[in-house]
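Just so you know, the protein sequences line up as chains Z and Y, in that order.
Going by this note's numbering, the first sequence wraps up at 1048, each residue one higher than the last.
Going by this note's numbering, the second sequence wraps up at 1048, each residue one higher than the last.
Report on the structure given below.
There are 2 protein chains.
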Amino acid sequence: MDRPYREAIEKLKTADLRPTRQRLALSRLLFAEGPRHVTAEALHDQAVEAGVRVSLATVYNTLHQFTRAGLLRQVVVDGSKTYFDTNTIDHHHFYHEVDGRLVDIPGEAVTVAGLPASPPGTEVVRVDVIVRLAGEGK
Amino acid sequence: MDRPYREAIEKLKTADLRPTRQRLALSRLLFAEGPRHVTAEALHDQAVEAGVRVSLATVYNTLHQFTRAGLLRQVVVDGSKTYFDTNTIDHHHFYHEVDGRLVDIPGEAVTVAGLPASPPGTEVVRVDVIVRLAGEGK
DNA sequence: GTGATTGCAAATCTTTTGCACTAAA
DNA sequence: TTTAGTGCAAAAGATTTGCAATCAC
């Protein structure tokens, strides 16, 4: 029983989610390497390719549960698809409009100045900065 | 023939769009008063209420044509709905997550500092700042 | 066992499309 | 006329839901 496996189980237990086969597999796909941005569809494809038997509905469920648990963050850049970001630390994004690719911009680097106070009775949940890019890029 | 009517016709002609009954009606609903944020559904409802006979498909077409012509701007804040903004000048948004309401933040007020250079071969189309709000608000 | 989780297929919601019909130039 | 624009209903895409079967505890 390797280390990442135990960690994955702990992670789920902490989030009050039963470490089922599907959740464990998705968790490992998501958090195995550095930060990534996935859509439900893409993660499902990746899981199937990796030989994990899981339904698309369960992928959707899992992504939302992970988001609720603070393990993922939703990024809205395109009306038609929902992206989930494994980087939950404060940061921003480059968005390549041509191919839909997202690239992180570290949060520490960026400063947003001059924002008006939030309306009375409201609270700022988050400030998102999205830099929309055109052109081929890398 | 009142002034706003002539202006509406001019606006459409300039955009190389035939001033049809539907486009004129939608144009007047959209630009009659100050800046607004609408969804296709909402604009269609408003049109129907106002006694304008227009189909939802035409509302979608028209919103996209107006956007292409630079008369509107698309705002992405929520995966499920597409908002169109009659304010095409550089600016940002408060987004009330509870009720989906959008409020403009003047562009001059805000400064975004520290953004990394855009990746080689790409060009910045636009920088969007979205301040997500929780709580009842006004 | 018992309640949480999963899978499947059907349902939903928003947006787009194909095409015959209508209207603008 | 001639071509652009419209309406309808069907199609498409992403996401959600209902419910019986299955799994974790």
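Every residue gets a Cβ at the ideal spot worked out from N, C-alpha and C, and that includes glycine.
At least one CB of chain Z closer than 7 angstroms to the CB of residue i: is that the case?
i                  : result
Leu-1025 (chain Y) : yes
Thr-924 (chain Y)  : no
Glu-1046 (chain Y) : yes
Thr-977 (chain Y)  : no
Thr-949 (chain Y)  : no
Arg-933 (chain Y)  : no
Ala-1043 (chain Y) : It should be noted that the sequence gives Leu, not Ala, for residue 1043 (chain Y). Leu-1043 (chain Y) counts as touching chain Z.
Asp-1000 (chain Y) : no
Thr-972 (chain Y)  : no
Thr-996 (chain Y)  : no
Val-958 (chain Y)  : no
Would DSSP call residue i helix, strand or coil?
i                  : result
Lys-991 (chain Z)  : coil
Val-958 (chain Z)  : helix
Arg-1011 (chain Z) : strand
Met-911 (chain Y)  : Residue placement at Met-911 (chain Y) is poorly supported in this model, since its pLDDT is 48, which falls under 50; the coordinates still yield a value, given next. Note: Met-911 (chain Y) maps to coil in three-state DSSP.
In the DSSP assignment, find the unbroken beta strand (DSSP E) run with residue i in it and report its ends.
i                  : result
Glu-1033 (chain Z) : 1033-1044
Leu-939 (chain Z)  : Counting along the chain, Leu-939 (chain Z) falls outside any beta strand (DSSP E), though it belongs to the alpha helix (DSSP H) covering 931-941.
Name, in chain order, the residues that DSSP records as bridge partners for residue i.
i                  : result
Ala-1023 (chain Y) : Z:Thr-1021
His-1001 (chain Z) : Z:Pro-1016
Val-985 (chain Z)  : Z:Tyr-993
Hey, does residue i have any beta-carbon neighbour from chain Y nearer than 7 angstroms?
i                  : result
Thr-1033 (chain Z) : Rather than Thr, the amino acid found at residue 1033 (chain Z) in this sequence is Glu. Yes, Glu-1033 (chain Z) lies at the interface with chain Y (some Cβ there is under 7 angstroms from its Cβ).
Ala-1019 (chain Z) : yes
Thr-930 (chain Z)  : no
Gly-989 (chain Z)  : yes
Val-1039 (chain Z) : yes
Arg-1036 (chain Z) : yes
Val-986 (chain Z)  : yes
Ser-937 (chain Z)  : no
Ser-965 (chain Z)  : no
Could you give the first and the last residue of the continuous alpha helix (DSSP H) run that contains residue i?
i                 : result
Arg-978 (chain Y) : 966-978
Assuming residue i and residue j make a contact with CB atoms under 8 angstroms, what is their CB distance in whole Å?
i                 : j                 : result
Thr-996 (chain Z) : Pro-929 (chain Z) : Rounded, the Cβ-Cβ distance is 18 angstroms, inconsistent with contact.
His-947 (chain Z) : Val-985 (chain Z) : 7 angstroms
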